[in-house]
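J.: Handing you a structure now.
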Amino acid sequence: MCGIVGAIAERNILAILIEGLKRLEYRGYDSAGVAVIDEAGRLERRRRSGKIAELDRTLSEEPLSGRLGIAHTRWATHGAPFERNAHPHFSGNELAVVHNGIIENHVQLREHLQGLGYLFTSDTDTEVIVHLLHHKLERTGDLTAALKEAIGELHGAYGLAVISTRQPDRLLAARSGSPLVIGLGHGENFLASDQLALRQVTDRFIYLEEGDIAEIRRDQVNIWDADGKPVQREAVQYHEGAEAADKGSYRHFMLKEIHEQPVVVQRTLEGRLADNHVLVQAFGPEAAELFAKVRNVQIVACGTSYHAGMVARYWLESLAGIPCQVEVASEFRYRKVVVQPDTLFVTISQSGETADTLAALRSAKALGYLASLTICNVGTSSLVRESDLRLLTQAGPEIGVASTKAFTTQLVALLLLTLALGQARSSLADGVEAALVAELRRLPTRLGEALAMDTTIEKVAEFFADKSHCLFLGRGTQYPVAMEGALKLKEISYIHAEAYPAGELKHGPLALVDADMPVVTVAPNNELLEKLKSNLQEVRARGGELIVFADGEAGIHNGLGTQLVKMPHIHDVLAPILYTVPLQLLSYHVAVLKGTDVDQPRNLAKSVTVE
Ligand code: AGP
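Under full-length UniProt numbering, think of the first position of the sequence shown as 1, with each following residue one higher.
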């Protein structure tokens, strides 16, 4: 998704801007650009469609230098990914803007500004911002005052960075619906849409709040809140190691992140388990009292996080006896919802900035839910800040667009939530919590065993090299695991993959099965195993090729038309966490064989901060 970097210093800031963009590259983008005010006080820019490497090449041929600048990676929403639509956008060669988000009233603003004589050179919604600002600057003569006026006329979401030749002593920022963070240096300051972009230059950050405007100078930062009042925002020291943004010896971030799962699952458990029970306080000091009142759970999320929510529904209902509904955020936010009394509203998100999930949370606040809770990987994100309760997963930065370690840590957090709710409401069967806590402690070891099957799975992946379609089957909690497996395969290998609850096969999809349609199945040894085996027979009888990930004791055998991958034995409740791993590895190896861009698959973005 779009990325912003800005800097004001007493040195040439071009390399800082470009390095910042590179650090945001993993989020996905299709064009990039940079603008500086040069030594002669002129506003200059370079923009390119395609990768940052293209922009870099242009900069080596036509260099730029300056002490004040802004840069951007764009993921096209309004207007194709052409150079003329790339940011920064200019007005009158004296004002430059970069923008994340979407301006909803851009059509009306464009007409109004064209009426005032402004000429538009792009198809973007962003260009209205820069001309509107220019119009206000002409009137007020002051950039900060102009920005304050202009944002009052913008409807939609924005994270903005602004520079002008008229006042080259400041870098301006405004946030509404799109995150922005100020990086504090010594005699120099920075701005970005994600602190990751600035960790090369500082570890002290100020996170702008919704509605904030900031005037960033070399030696001073002034902030005004949504009501226009001057405010002090606390500076936060960042601690996590910068090495997280490094692939190490792995060929791709995705592979590195798959292999990090035993460690990050361990971290997600740390400090949250007592000898034989979950520490409910891990969800916040008020959690125990609040959880005791919960009679229903509504989960809302997108993509992989939604699949985690679907697994949690099985857990919440079967272990804690709590009715649970799960819905994708983009549907929930526009639906008229009937809220059951005492319902806990739960969002799940790796980034904490997914626009649909955030909008769902905001709309839920007016609907009478008991409280909101987020399971999130980014402690400083909007979802975390805007929820009543939170449990942070400890996956660390996830760079690969395909979510892997974020999913398994979300599942761990959701199982902790299930046990905490069951404990607070005294609805767990005797001994269940102690048994699952013991199993959770063993989970990192089991995950390590699943990862050790990497070479076997790499071999299985060869079977997919010439395939264009694939079915994934699972039953019970393994159905969402199959959905997640299918999502991984399609997003990084571009093979068309669909997941079905295995019992649904005979109601339609069986018609698709033939020798060219591999059927991937996850089959732990549980009470649905015999039913699942019958479903597999239905596939074999139609000449379908089976790839089965099954418990060694499942009684499924390798043979004609069936490739069996034996999984370590695991408690049925934790099986969805373990069985996810081979499916991640399978997608990864198929994508490598197909030669796709594994970490940045086409058309996708890491953090979807637009609707
Ligand atoms: C996962 O592989 C995806 N790229 C995508 O579905 C992702 O899970 C979704 O966009 C939600 O993101 P979030 O967890 O950051 O909210």
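From the three backbone atoms N, C-alpha and C, an ideal C-beta is built for every residue, glycine too.
#1: Rounded to the nearest angstrom, what separates Gly187 and Phe205 at their Cα positions?
#2: Taking the alpha-carbon positions, what's the Val592 to Leu451 distance?
#3: Over what stretch of residues does the alpha helix (DSSP H) that includes Ile258 continue unbroken?
#4: If the criterion is Cβ atoms closer than 8 angstroms, does the pair Glu257 and Glu398 meet it?
#5: Suppose the cutoff is 6 angstroms on Cβ atoms and the five residues either side in sequence are ignored; what does the same chain contact list for Val98 look like?
#6: Kindly indicate which residue of Thr408, Arg11, Ile492, Ala402 has the alpha-carbon position closest to the one of Ile375.
#7: Hey, Val437 and His277 are a contact pair by Cβ (cut 8 angstroms); roughly how many whole angstroms apart?
#8: Excluding the 5 residues preceding and the 5 following His259 in the sequence, name in chain order all residues of the same chain whose CB lies nearer than 8 angstroms to its CB.
#9: Whole angstroms is fine: what's the gap from Ile102's alpha carbon to Ser178's?
#10: In the DSSP output, which residue or residues are listed as bridge partners for Glu327?
#11: What is the C-beta distance between Glu149 and Thr140, in whole angstroms, given that I count them as a contact (C-beta under 8 angstroms)?
#12: Excluding the 5 residues flanking Gln195 on each side, which residues of the same chain have their C-beta closer than 8 angstroms to its C-beta?
#13: How far does the alpha helix (DSSP H) with Arg74 in it reach, from first residue to last?
#14: Tell me whether Gln537 sits in a helix, a strand or coil according to DSSP, three-state version.
#15: Using only alpha-carbon positions, find the residue among Thr126, Arg166, Glu127, Asn105 that is nearest to His155.
#16: Following the continuous beta strand (DSSP E) through Ile103, name the residue where it begins and the one where it ends.
#17: In three-state terms, what does DSSP make of Glu286?
#18: With DSSP as the reference, label Asn189 as helix, strand or coil.
#19: Pro341 and Arg295 - do their beta-carbons sit closer together than 8 angstroms?
#20: For residue 693, report the span of its alpha helix (DSSP H) as first-last.
#21: Is the beta carbon of Glu491 within less than 7 angstroms of some heavy atom of ligand 1?
#22: Considering only C-alpha positions, which residue in the set Leu17, Arg602, Leu361 is nearest to Ala197?
#23: With 16 as the cutoff for other CB atoms within 10 Å, does Ser468 come out buried or exposed?
#24: Any heavy atom of ligand 1 closer than 7 angstroms to the beta-carbon of Val401?
#25: Are at least three pairs of beta-carbons, each pair with one atom in the region 35 to 42 and one in the region 207 to 216, less than 8 angstroms apart?
#26: Count the CB pairs spanning the region 286 to 302 and the region 313 to 331 that are closer than 8 angstroms, and state whether there are at least three.
#27: Since Asp38 is in the alpha helix (DSSP H), which residue starts that stretch and which ends it?
#28: Check each candidate in Val581, Leu55, Leu14 and name the one with the smallest Cα separation from Ser31.
#29: Among the residues of its own chain, which have a CB less than 6 angstroms from the CB of Phe253, if the five just before and after it don't count?
#30: CB-CB under 6 angstroms to Ala359, same chain, minus the five flanking residues each way: which ones, in chain order?
#31: Note the first and the last residue of the continuous beta strand (DSSP E) segment covering His89.
#32: Quick check on Ser427: buried or exposed, where buried means 16 or more other Cβ atoms within 10 Å of its Cβ?
T.: With the structure as the only source:
#1: Mapped onto the sequence shown, residue 187 falls at position 187. Mapped onto the sequence shown, residue 205 falls at position 205. In this structure, the straight-line span from the alpha carbon of Gly187 to that of Phe205 is close to 15 angstroms.
#2: For the purposes of this step, residue 592 is identified with residue 592 of the sequence shown, where counting begins at 1. For the purposes of this step, residue 451 is identified with residue 451 of the sequence shown, where counting begins at 1. Val592 and Leu451 have their C-alpha atoms roughly 17 angstroms apart.
#3: Numbered from 1 along the sequence shown, position 258 holds the residue referred to as residue 258. Taken as a continuous stretch (DSSP letters only), the alpha helix (DSSP H) holding Ile258 covers 253 to 259.
#4: Locating residue 257 in the sequence shown gives position 257, counting from the first residue. Locating residue 398 in the sequence shown gives position 398, counting from the first residue. In contact: Glu257 and Glu398 (Cβ atoms closer than 8 angstroms).
#5: Here residue 98 corresponds to residue number 98 of the sequence shown, with the count starting at 1. Hits under 6 angstroms: Ile4, Ile70, His72, His87, Pro88, Ala161.
#6: Looking up residue 375 in the sequence shown gives position 375. Comparing Cα positions, the closest option is Thr408.
#7: Within the sequence shown, residue 437 is the residue found at index 437, counting from 1. Within the sequence shown, residue 277 is the residue found at index 277, counting from 1. The pair is a contact, with the Cβ atoms about 6 angstroms apart (cut-off 8 angstroms).
#8: As a first step, residue 259 is located in the sequence shown; it is residue number 259 there, counting from the start. Cβ neighbours of His259 beyond the five flanking positions: Tyr250, Leu451.
#9: Sequence index remark: in the sequence shown, residue 102 carries index 102 (1-based). Sequence index remark: in the sequence shown, residue 178 carries index 178 (1-based). It is roughly 9 angstroms from the alpha-carbon of Ile102 to the alpha-carbon of Ser178.
#10: To locate residue 327, count along the sequence shown from 1; it is residue 327. Beta-bridge pairing links Glu327 to Val300.
#11: Position 149 of the sequence shown, counted from the first residue, corresponds to residue 149. Position 140 of the sequence shown, counted from the first residue, corresponds to residue 140. A Cβ-Cβ separation of about 7 angstroms places Glu149 in contact with Thr140 under the 8 angstroms criterion.
#12: Within the sequence shown, numbered from 1, the residue matching residue 195 stands at position 195. These residues qualify, in order along the chain: Val181, Gly183, Phe205, Tyr238, Thr380.
#13: The residue given as residue 74 occupies position 74 in the sequence shown. Premise fails: Arg74 lies in the beta strand (DSSP E), 68 to 74, not in any alpha helix (DSSP H).
#14: If you number the sequence shown from 1, residue 537 lands on position 537. Looking at Gln537 - three-state DSSP - the assignment turns out to be helix.
#15: Within the sequence shown, numbered from 1, the residue matching residue 155 stands at position 155. The shortest C-alpha separation from His155 is found at Asn105.
#16: Counted from its first residue, the sequence shown places residue 103 at position 103. Unbroken run through Ile103: none, as it is neither H nor E.
#17: Numbered from 1 along the sequence shown, position 286 holds the residue referred to as residue 286. Note: Glu286 maps to coil in three-state DSSP.
#18: Here residue 189 is taken as the residue at index 189 of the sequence shown, counted from 1. In the structure shown, Asn189 sits in a strand (DSSP, three-state: E or B).
#19: Here residue 295 refers to the residue found at position 295 when the sequence shown is read from its first residue. Here residue 341 refers to the residue found at position 341 when the sequence shown is read from its first residue. It is a contact, given that the beta carbons lie within the stated cut-off.
#20: Residue 693 cannot be examined here, being either before or after the span of the chain that is shown, 1 to 611.
#21: Working through the sequence shown from its first residue, we reach residue 491 at position 491. Yes, ligand 1 has a heavy atom inside 7 angstroms of this Cβ.
#22: For the purposes of this step, residue 197 is identified with residue 197 of the sequence shown, where counting begins at 1. The option with the nearest alpha carbon to Ala197 is Leu17.
#23: In the sequence shown, residue 468 corresponds to position 468, counting from 1. Exposed.
#24: If you number the sequence shown from 1, residue 401 lands on position 401. The answer is yes for Val401.
#25: No contact exists between the region 35 to 42 and the region 207 to 216.
#26: The region 286 to 302 makes contact with the region 313 to 331, as at least three CB pairs between them are under 8 angstroms.
#27: Looking up residue 38 in the sequence shown gives position 38. Where Asp38 is concerned, there is no enclosing alpha helix (DSSP H), given that its DSSP letter is neither H nor E.
#28: Here residue 31 corresponds to residue number 31 of the sequence shown, with the count starting at 1. Closest option to Ser31, Cα to Cα, is Leu55.
#29: Along the sequence shown, one-based indexing puts residue 253 at 253. Excluding residues within five positions, the ones whose Cβ falls inside 6 angstroms are Lys247, Ile399, Gly400, Asp599.
#30: Working through the sequence shown from its first residue, we reach residue 359 at position 359. Here the set comprises Arg333.
#31: Indexing the sequence shown from 1 puts residue 89 at position 89. Boundaries of the beta strand (DSSP E) harbouring His89: 89 to 91, taken from the DSSP string.
#32: Here residue 427 refers to the residue found at position 427 of the sequence shown. Per the 10 Å Cβ criterion, exposed.
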